[in-house]
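Counting along the sequence shown from 1, when you hit position 22 you're at 27 in the numbering used here, and nothing is skipped either side.
Scroll down for the structure; my scribbles are underneath it.
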Amino acid sequence: MFYIIHKYKYFLQFNIFLLFFALSSVFGNFLSPSNQFNRDILLNQIGFEYQEKFTNVTQSNKPIIFIILDELSSTSEIYDLKKDSLLYKFDNDMKNIGFKIYDPIISKSKKTSLSLTSLFNLNLHNNSKYLDSIEANDKNFRNYDHLNYLLSDNILIDSLSLKDVESFSYGVLPFKSETDKDFFYMWEKKDFERPIPASYQFNIQSKIFTKSLLNFIIKKYFFRGYDDTFRFAVYDKLSSIKPIDKQFYYFHFYSPHEPYSWGDEYYFDNETISSEQEDLNQYIQYSYFFEKKLFNLLNKIISKNSRIIIAGDHGFRGYAKKIDPYKTKAYFFGFDDLDINGINSIQDLGYLIKNSFK
């Protein structure tokens with residue numbers, strides 16, 4: 006009898022959990038910021054004040070290919086620690102095929118979503134104190150859900166549209182103006198940290214789910230190969246790109262960010278890492294693999310008829326005592342020196358992209 010009651014008790018608890026989850030999903034959809042979101046209102050709330058930059062850059066109709074390398078560290082930061090000249094091989098190879106390199110260059114954020122939201126909205130860090138306050142006060146970056154919508158519905162893409170420039174996203178999220186239904190958008194597929202849309206007030210259900218056993222099981226077993234799937238999707242799109250004038254392309258490689266893997270070609274079990282030093286060593290080894298793969302691809306697609314920007318969204322975050330996570334680097338192809346000399350941070354790149362088109 007005790008066994009039956011005990012079993013029924015847990016069966017009832019499980020069904021209550023499912024009922025709560027279903028109801029919160031329904032209400033979450035009604036209260037979702039995606040239904041409430043208005044870019045102008047949100048920008049006004051965070052004190053956005055637009056200030057123009059790079060108004061005298063060389064303008065052209067040539068397409069721009071913009072590639073983000075997630076967690077790309079400044080080479081000089083790691084070299085100061087390791088003193089290994091092999092660290093500069095990729096940079097030297099890139100120079101040999103015509104790239105100009107900025108190293109180090111500062112990112113105003115060490116969080117991808119804040120870094121890119123700022124960049125695609127013409128440096129929100131400079132034009133609003135709101136993002137700086139999040140960096141200073143919210144160490145776990147939990148209170149910025151509504152800003153993610155500014156990444157899809159952003160000022161840069163609308164500004165390019167006014168110049169009749171078509172924009173294509175092969176990154177973490179689609180742009181509001183277009184969606185490639187066949188592309189594997191990273192944050193649309195895997196946002197299990199917020200599986201139910203969270204609103205400004207009503208987000209308790211997502212916090213409960215984040216800490217649940219179900220969330221752990223889904224993340225650990227159902228999406229083990231998820232990161233590589235996204236990497237392959239980006240690589241395939243970049244491999245097949247045929248850019249034409251008045252087009253802008255955004256690509257986002259989830260590398261050299263961990264997990265340090267690339268299908269059957271490269272694999273390291275990150276769960277075995279036991280120290281920051283070991284994490285750095287594995288990061289370096291994976292970077293060598295990825296940089297070689299990327300260089301071989303760039304060498305095939307590079308053209309005088311295109312312009313290319315490659316940059317980190319932030320630096321390496323795994324060894325903050327020795328390596329500054331705000332220092333990354335950037336590569337430029339097809340841009341004049343005078344056009345890129347005024348760049349003070351990664352977040353300034355949105356200005357450069359916007360004003361480089363006629």
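C-beta: ideal position from N, C-alpha, C; glycine also.
Please read these numbers as outputs of a predicted model, since none were measured by experiment.
Assignment of E276 by DSSP, reduced to helix, strand and coil, places it in the helix class.
Excluding sequence positions up to five before and after K327, its CB lies within less than 6 angstroms of the CB of L86, all in the same chain and listed in chain order. One thing to note: E82 has its Cβ within 8 angstroms of the Cβ of D329. Sequence-distant Cβ neighbours of F53 in its own chain, meaning closer than 6 angstroms and more than five residues away, are N132 and S133. Y93 has its alpha-carbon roughly 24 angstroms from the corresponding atom of F256.
Residue nearest to V170 within the set I73, K67, T122 and S114 is K67 (criterion: CA-CA distance). The alpha-carbon of S78 is positioned some 16 angstroms away from that of K297.
Per DSSP, I73 is one residue of the beta strand (DSSP E) stretching across I69 to L74. The straight-line gap separating the alpha-carbon atoms of S166 and S157 is approximately 14 angstroms.
Counted as a single uninterrupted DSSP element, the beta strand (DSSP E) harbouring E171 occupies residues E171 to Y175. The region 338-347 and the region 103-111 touch, with no fewer than 3 CB-CB distances between them shorter than 8 angstroms.
Considering only D98, T80 and N101, the residue with the shortest C-alpha distance to I110 is T80. Using a Cβ distance threshold of 8 angstroms, D75 and T117 count as a contacting pair. In the displayed model, F59 falls within coil according to three-state DSSP, outside both helix and strand. In the structure shown, the three-state DSSP call for E140 is helix. The three-state secondary structure of H130, taken from DSSP, is helix. In the structure shown, S244 falls within a helical segment according to DSSP collapsed to helix, strand and coil. Your pair S120 and I351 checks out as a contact, with CB atoms roughly 6 angstroms apart and the cut at 8 angstroms. At a Cβ-Cβ threshold of 8 angstroms, Y288 and P261 count as neighbours. Looking only at I51, D269 and V62, the smallest Cα-Cα distance to L155 is reached by I51.
Inter-residue distance for N159 and F125 is about 6 angstroms (C-alpha atoms, whole angstroms).
Taking the C-beta atoms as reference points, S65 is found nearer than 8 angstroms to K363.
Counting only residues of its own chain and dropping the five nearest sequence neighbours on each side, Q252 has a CB closer than 6 angstroms to the CB of P68 and E171. One thing to note: L127 has its Cβ no nearer than 8 angstroms to the Cβ of L152. Contact annotation, F338 with I313: C-beta distance approximately 4 angstroms; criterion of less than 8 angstroms satisfied. In the DSSP assignment, K298 falls within the unbroken alpha helix (DSSP H) covering E281 to I306. Rounded to whole angstroms, the separation of the alpha carbons of K181 and A238 is 20 angstroms.
S164 and E140 do not touch by the CB rule: their CB atoms are close to 25 angstroms apart, not below 8 angstroms.
S166 is not bridged by DSSP to any residue. Cα atoms of N97 and F235: separation of roughly 28 angstroms, rounded to the nearest angstrom. Nearest neighbour of T277 by Cα position, chosen from K168, P264, D269 and I73, turns out to be P264. Taking 8 angstroms as the upper bound for CB-CB distance, T60 and N301 are not in contact here, some 37 angstroms apart.
Within the model, the alpha-carbon separation for L136 versus N142 is close to 10 angstroms. Exposed is the label assigned to D269, since fewer than 16 other Cβ atoms lie within 10 Å of its Cβ.
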